[in-house]
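Residue numbers (the working numbering): 53 to 223.
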């Protein structure tokens, strides 16, 4: 099912504008992303697919995703995640299997159409609700042994210790 059959980008842009919310789209090949990048919307922007999305994630207040593994990276922020798996059945049945059990690894509300998507955006960002916070925290603790921001340093130290890297600091 195509995303443009589910979402009206003009209506979504008005919804976002009325609430002072900026939506940054980064898609794989969604035509909505292509449509948004070819039109001027006031509150829907597109991120260049060649650019690193992680600086934007640090600044965002909400991640809207389908079943992308980016959710595991966003767990580090502690902020809400809204799932919009509009084509989940097609993805699972025709294209490929997920790397995880969707039910247990999607700690956030699920929206399947524009009304639900807008409703959850309003609840999470405007009203400040966060009904899945504890569920996200449990998944975060389960998924990440180290949650102190020092994993990169530990990895570099281990690579030096095992001789995969030479010179510099060995941690």
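Beta carbons: idealized from backbone N, C-alpha and C, even for Gly.
### Buried or exposed (CB count within 10 angstroms, at least 16 for buried), residue 160
Here residue 160 is taken as the residue at index 108 of the chain shown, counted from 1. Residue 160 is buried by the Cβ-count criterion.
### Backbone CA spacing between residue 131 and residue 110 [nearest angstrom]
What you label residue 131 is simply residue 79 of the chain shown in a count that begins at 1. What you label residue 110 is simply residue 58 of the chain shown in a count that begins at 1. Rounded to the nearest angstrom, the two C-alpha atoms are 10 angstroms apart.
### Query
Is residue 198 buried or exposed, if buried means 16 or more other CB atoms sit within 10 Å of its CB?
Taking the chain shown and counting its residues from 1, the one referred to as residue 198 is at position 146. Around the CB of residue 198, fewer than 16 other CB atoms lie within 10 Å, so the residue is classed as exposed.
### Task
Could you pull the start and end residues of the alpha helix (DSSP H) that residue 173 belongs to?
To locate residue 173, count along the chain shown from 1; it is residue 121. Taken as a continuous stretch (DSSP letters only), the alpha helix (DSSP H) holding residue 173 covers 166-173.
### Task
Answer with buried or exposed for residue 196, where buried requires no fewer than 16 other C-beta atoms within 10 angstroms of its C-beta.
On the chain shown, position 144 is the one that residue 196 refers to. Classification of residue 196: exposed, given that the 10 Å Cβ count is below 16.
### Query
Which stretch, first to last residue, makes up the beta strand (DSSP E) that contains residue 136?
The residue labelled residue 136 in the question sits at position 84 within the chain shown. Segment: none, residue 136 is in no beta strand (DSSP E) and carries neither H nor E.
### Message
Let's test the definition: count the other Cβ atoms within 10 Å of the Cβ of residue 224 and tell me whether it reaches 16, buried, or not, exposed.
### Response
In the structure as shown, the chain starts at 53 and stops at 223, and residue 224 therefore has no counterpart that could be examined.
### Query
Does the beta-carbon of residue 61 have 16 or more other beta-carbons within 10 angstroms, so that it is buried, or is it exposed?
Working through the chain shown from its first residue, we reach residue 61 at position 9. Burial state of residue 61 is buried, judged by a 10 Å Cβ sphere holding 16 or more other Cβ atoms.
#### Entry: Host alpha helix (DSSP H) of residue 64 (start-end)
Residue numbering aside, residue 64 sits at position 12 when the chain shown is read from its first letter. The continuous alpha helix (DSSP H) containing residue 64 extends over residues 61-71.
### Message
Classify residue 243: buried if its beta carbon has 16 or more other beta carbons within 10 angstroms, exposed otherwise.
### Response
No statement about residue 243 is possible, as the shown extent of the chain runs from 53 to 223 and does not include it.
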